[in-house]
Every structure is written in structure tokens, then in C-alpha cells.
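One structure is given here, and the rest of the page talks about it.
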Ligand SMILES: CC(C)(COP(=O)(O)OP(=O)(O)OC[C@H]1O[C@@H](n2cnc3c(N)ncnc32)[C@H](O)[C@@H]1OP(=O)(O)O)[C@@H](O)C(=O)NCCC(=O)NCCS
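Numbering (the UniProt record's numbering), first residue to last: 1 to 185.
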């Protein structure tokens with residue numbers, strides 16, 4: 001993976017109305033394992049990973065890198081957002097900054113994903129002005145499709161990969177015509 005870009009990292013924790021976006025901490029490890037082992041979370045992203053494998057593989061010291069945010073509600077991790085470049089998983093995303101989001105199922109249906117992703121995109125727009133962000137998600141992943149649309153991602157193309165139809169969208173900085181960019185509760 002190549003660097004996200006010349007960004008100042010880590011930023012001060014980003015506070016939204018209900019959430020905090022911050023660097024990973026050692027205390028997040030249990031929630032990270034819960035996230036990656038969850039069948040619901042993994043349903044459209046390659047499936048869950050075995051919990052015992054995760055227990056062995058995930059280090060006590062958290063992995064940190066520019067663009068990797070833990071999302072915290074009332075002091076506890078509920079999800080993770082990534083802004084990465086060149087993960088190599090899709091030709092369409094090559095060289096682009098790409099958004100990814102994973103939230104624990106108990107935190108779904110409250111608007112937390114939208115609130116946190118909007119804040120992460122705001123951070124990105126300040127850090128790398130003028131640069132678009134791309135997003136790939138299965139079209140069958142209805143929650144993710146709704147979130148992408150809410151955030152202002154616009155469809156570029158659909159294609160088949162990993163045995164499923166994928167939606168590839170792009171977000172451009174700046175307010176969309178006729179509305180504000182931020183997605184609040
Ligand atoms: C994708 C994912 C983050 C979406 O989570 P989500 O909670 O549905 O998304 P949002 O934060 O946009 O919340 C929207 C829901 O909150 C509801 N909501 C409740 N209170 C709200 C509030 N105060 N503000 C906004 N929305 C609110 C909305 O009505 C909506 O519910 P609905 O989908 O039943 O209509 C989540 O399903 C997930 O982590 N999935 C697994 C990982 C994954 O597949 N990631 C995609 C790969 S990139």
C-alpha cells in the first residue's frame with residue numbers, strides 16, 4: 001500500500017455531534033476482533049475471519065497509519081473508517097484515495113456511519129484539497145449503498161468482481177449542487 005499523501009498525522013481527535021474519530025488504541029483490540037469476526041459485518045466483504053485466528057494475528061499494540069480512524073461512542077469503539085490508497089484490490093481504485101467503513105452491528109441504524117464518514121471526508125478535504133475519494137461496495141450491500149449515496153458518492157460504474165456485482169462511486173470535495181456536504185443526525 002502506498003502512502004495516503006502528505007498529510008499531518010495523527011490529527012487531533014475529531015468530534016462530531018455524537019462521536020469521536022481518533023487513532024487506534026490498545027483498548028480497542030476486543031472491538032476490532034469482534035468487528036472482523038462478525039458474520040453480519042463480513043457478509044459482503046469476503047466473510048468473517050475465525051476468532052481464534054484473529055486472537056493470534058492482531059497485535060497488542062494497535063496498527064496505526066494515516067487515514068485509519070477508530071470511531072468511538074461514549075468512550076467505546078463502535079467502528080472503523082479507512083482512507084487508503086492503492087490497496088491493490090481493484091483496478092478501478094488504483095492510485096485513488098478509497099473510503100472503507102466497518103461498524104459493529106449493534107451500532108447500525110443510528111446514523112453513526114454517516115456522521116463519522118462525513119467527518120472523515122471533511123478531514124480528507126482539508127488534508128488533501130481538491131482530491132476525490134472513491135468507494136467500492138457490493139450492490140447487494142443495501143446499507144452500504146444507502147450510506148454511499150447519503151455521503152454524496154456518485155456512481156461511476158458497476159462491474160463484476162469477487163463473484164458479485166460491485167458499485168464503484170466517486171466523491172468530490174465541495175458542496176453538492178443545492179445542498180450542504182455534511183451528513184448530520
Ligand atoms: C455499511 C454500514 C456502515 C452502514 O451502517 P448504517 O448504520 O446502516 O448506516 P448509517 O450510519 O447511514 O445509518 C443509517 C440508518 O440509521 C437510521 N438513523 C437512525 N437515527 C438516525 C440519525 N439520528 N441520523 C441519521 N440516521 C439515523 C437511518 O434511518 C438509517 O436506517 P435504515 O438504513 O434502516 O433506513 C454498516 O452496515 C456496516 O458496517 N456494514 C458492514 C461493513 C460493510 O459492509 N462495509 C462496506 C464496505 S466499504
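For each residue, glycine too, the CB sits at the ideal point set by N, CA and C.
Quick caveat, the model's predicted, so the values are computed rather than measured.
Nearest residue (CA-CA) to residue i, options the options
i	options	result
residue 136	24, 84, 49	84
residue 124	96, 102, 145, 110	96
For residue i, the residue or residues it bridges with in DSSP
i	result
residue 166	138, 159
residue 171	133
residue 97	85, 133
residue 18	Looking at the DSSP assignment, residue 18 forms no beta bridge with any residue, so it has no partner.
residue 80	70, 102
residue 154	170
Spatial distance of residue i from residue j (CA atoms)
i	j	result
residue 107	residue 8	29 Å
residue 168	residue 160	11 Å
residue 53	residue 47	14 Å
residue 128	residue 6	8 Å
residue 45	residue 38	11 Å
residue 116	residue 16	7 Å
residue 173	residue 139	24 Å
residue 90	residue 162	10 Å
residue 112	residue 77	12 Å
residue 109	residue 130	31 Å
residue 11	residue 121	13 Å
Contacts around residue i, its chain only, beta-carbon distance under 6 Å, and the 5 residues preceding and following it disregarded
i	result
residue 153	135, 169, 171
residue 72	20
Minimum Cβ-Cβ distance from residue i to chain C less than 8 Å
i	result
residue 56	Among the protein chains of the structure shown there is no chain C, as only one such chain exists.
Residue i Cβ short of 7 Å to ligand 2 heavy atom set
i	result
residue 87	You won't find ligand 2 in this model; what it holds is ligand 1.
CB-CB length for residue i against residue j, believed under 8 Å
i	j	result
residue 67	residue 151	Their Cβ separation, rounded to whole angstroms, is 16 Å, which puts residue 67 and residue 151 out of contact at 8 Å.
residue 24	residue 60	At roughly 12 Å, the Cβ-Cβ gap does not stay under 8 Å, so residue 24 and residue 60 are not in contact.
Close Cβ partners of residue i (< 7 Å) along its chain, the five nearest in sequence each way excluded
i	result
residue 114	147, 150, 151, 183
8 Å Cβ shell around residue i - same chain, five flanking residues per side excluded
i	result
residue 33	51, 54, 55, 58
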